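Note sheet for the following structure.
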Amino acid sequence: MNFLSHFYFDRFNNNSNVVMGVVLPDLVKNASKAANLYPQKNEFLFIGNIDEESLLKGWKRHLAVDLVFHSSQFFLEKTAVLKKLIIPVVENTPIRPSFLAHIGLELLLDHLLIEHNLIHVNHFYDKLSEVNKSSLRDFLEHCKLKNQEAFFKFLDQFISSKYLLSYQKLENISYALNRICMRLWPETLSEKQINEITFQLSIFKEILQKDFMEIFDSIESKLV
69 MNFLSHFYFD RFNNNSNVVM GVVLPDLVKN ASKAANLYPQ KNEFLFIGNI DEESLLKGWK
129 RHLAVDLVFH SSQFFLEKTA VLKKLIIPVV ENTPIRPSFL AHIGLELLLD HLLIEHNLIH
189 VNHFYDKLSE VNKSSLRDFL EHCKLKNQEA FFKFLDQFIS SKYLLSYQKL ENISYALNRI
249 CMRLWPETLS EKQINEITFQ LSIFKEILQK DFMEIFDSIE SKLV
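For reference, each letter of the sequence shown is one residue, going 69 to 292 in our numbering.
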């Protein structure tokens, strides 16, 4: 799941460190694709520091949510539908439709949460801004993250730009998908293809919004 969908499960949590923790795995990966952190394998490193324990709690909730989401029938069925819609758009490109369908589903879930007023994006950013950076640095130090400065530079930009507000518009999701593809494949989508992706997303959105809350309710029932 993407940032806002992860936040959904802790939208009423007053602990900013837990909120940071639930999106921290994706923040780290966005800042450095080479980073592979496994704090859950060395929990003893964080015991005794309340902030770090909360960050770890959020991190583990992130992993739990993704495990349920990616193994769900909902995920399999919805990505299959979106993949079928996307295939004609990218058939002459190196881009894998299955990858685009996977990310497209996650971004559309964020979009629907915003549209249905189920989360408040500014509140999400407010919680991230409240986190004590010293505690976060200590947590990442215990995780052995290299080049923390690059991470914090990314984090500051992520918070100040409030980029996720752009997910309110479908066309912005298409541009986001193209940017993600550009990291993996040298060929980018043309403006015409991006517009076609937007059109297919609009079709898929009508299908998805009929039952999109089922996956959130299912995951929430399984979280400890």
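We put the beta carbon where it would ideally sit given N, CA and C, even for glycine. Quick caveat: nothing in here was measured; it's all calculated off a predicted structure.
Query raised in the report: Excluding five sequence neighbours on each side, which residues of the same chain lie with their C-beta closer than 7 Å to the C-beta of histidine 74?
Result: Taking the sequence shown and counting its residues from 1, the one referred to as residue 74 is at position 6. Same-chain partners within the cutoff: Val90, Val91, His130 and Val133.
Requested in this report: Could you pull the start and end residues of the alpha helix (DSSP H) that alanine 244 belongs to?
Outcome: Numbered from 1 along the sequence shown, position 176 holds the residue referred to as residue 244. First-last of the alpha helix (DSSP H) with alanine 244: 238 to 252.
**Report entry** First and last residue of the uninterrupted alpha helix (DSSP H) at glycine 116
**Finding:** In the sequence shown, counting from the first residue as 1, residue 116 sits at position 48. Glycine 116 -> no alpha helix (DSSP H), and no H or E assigned at all.
Query raised in the report: On the three-state DSSP scale, how would you describe aspartate 224?
Result: To locate residue 224, count along the sequence shown from 1; it is residue 156. Looking at aspartate 224 - three-state DSSP - the assignment turns out to be helix.
Report task. Please determine, among Leu257, Glu274 and Gly126, the residue with the shortest C-alpha to C-alpha distance to asparagine 85. Result -> Counting from one through the sequence shown, the residue named residue 85 turns up at place 17. When only C-alpha atoms are compared, the closest one is Gly126.
Query raised in the report: Helix, strand or coil: how does DSSP classify proline 156 here?
Result: On the sequence shown, residue 156 is found 88 positions in, with the first residue counted as 1. Looking at proline 156 - three-state DSSP - the assignment turns out to be helix.
Report task. Classify serine 242 as buried or exposed, calling it buried when 16 or more other Cβ atoms lie within 10 Å of its own Cβ. Result -> For the purposes of this step, residue 242 is identified with residue 174 of the sequence shown, where counting begins at 1. Buried: at least 16 other Cβ atoms inside 10 Å.
Query - Three-state secondary structure (DSSP) of phenylalanine 80 - result: What you label residue 80 is simply residue 12 of the sequence shown in a count that begins at 1. Looking at phenylalanine 80 - three-state DSSP - the assignment turns out to be coil, as it is neither helix nor strand.
**Report entry** Which listed residue (Lys101, Leu123 and Leu144) has its alpha carbon closest to that of aspartate 283
**Finding:** As a first step, residue 283 must be located in the sequence shown, where it is residue number 215. Position check: residue 283 holds isoleucine in this sequence, whereas aspartate was assumed. Of the candidates Lys101, Leu123 and Leu144, the one whose C-alpha sits nearest the C-alpha of isoleucine 283 is Leu144.
Query raised in the report: Are the C-beta atoms of leucine 233 and some chain C residue less than 8 Å apart?
Result: The structure shown contains no chain C; it holds only a single protein chain.
Query raised in the report: Should proline 162 be labelled buried (16 or more other beta-carbon atoms within 10 Å of its own) or exposed?
Result: As a first step, residue 162 must be located in the sequence shown, where it is residue number 94. Exposed, because fewer than 16 other Cβ atoms sit within 10 Å of the Cβ of proline 162.
Query - Alpha carbon of isoleucine 155 to alpha carbon of tyrosine 235, nearest angstrom - result: Along the sequence shown, one-based indexing puts residue 155 at 87. Along the sequence shown, one-based indexing puts residue 235 at 167. Those two C-alpha atoms are separated by around 23 Å.
Query raised in the report: How should serine 112 be labelled, buried or exposed, when 16 other C-beta atoms within 10 angstroms of its C-beta is the threshold for buried?
Result: Numbered from its first residue, the sequence shown carries residue 112 at position 44. According to the sequence as given, residue 112 is phenylalanine; it is not serine. Its Cβ having fewer than 16 others within 10 Å, phenylalanine 112 is exposed.
Query raised in the report: Which whole-angstrom value describes the C-beta separation of valine 189 and leucine 232, a residue pair presumed to lie in contact below a C-beta threshold of 8 Å?
Result: In the sequence shown, counting from the first residue as 1, residue 189 sits at position 121. In the sequence shown, counting from the first residue as 1, residue 232 sits at position 164. That belief holds up - the Cβ atoms of valine 189 and leucine 232 are roughly 5 Å apart, short of 8 Å.
Report task. Assign lysine 195 to buried or exposed, taking buried as 16 or more other Cβ atoms, counted over all protein chains shown, within 10 Å of its Cβ. Result -> If you number the sequence shown from 1, residue 195 lands on position 127. Per the 10 Å Cβ criterion, buried.
Query raised in the report: Beta-carbon separation of isoleucine 287 and phenylalanine 137 under 8 Å?
Result: On the sequence shown, position 219 is the one that residue 287 refers to. On the sequence shown, position 69 is the one that residue 137 refers to. Their beta carbons are under 8 Å apart, which means isoleucine 287 touches phenylalanine 137 by this criterion.
**Report entry** Residues near phenylalanine 280 in its chain [Cβ-Cβ closer than 7 Å; skip 5 each side]
**Finding:** The residue given as residue 280 occupies position 212 in the sequence shown. Once the five neighbours on either side are set aside, the close Cβ partners of phenylalanine 280 are Leu177 and Leu180.
Query raised in the report: Is methionine 69 helix, strand or coil when you go by DSSP?
Result: In the sequence shown, the residue the question calls residue 69 occupies position 1. Methionine 69: coil per DSSP, three-state reduction.
Query raised in the report: In or out: glycine 116 buried (at least 16 other Cβ within 10 Å) or exposed?
Result: Taking the sequence shown and counting its residues from 1, one reaches residue 116 at position 48. It is exposed - the Cβ of glycine 116 has fewer than 16 other Cβ atoms within 10 Å.
Query raised in the report: Span of the alpha helix (DSSP H) holding leucine 257?
Result: In the sequence shown, counting from the first residue as 1, residue 257 sits at position 189. Unbroken run through leucine 257: none, as it is neither H nor E.
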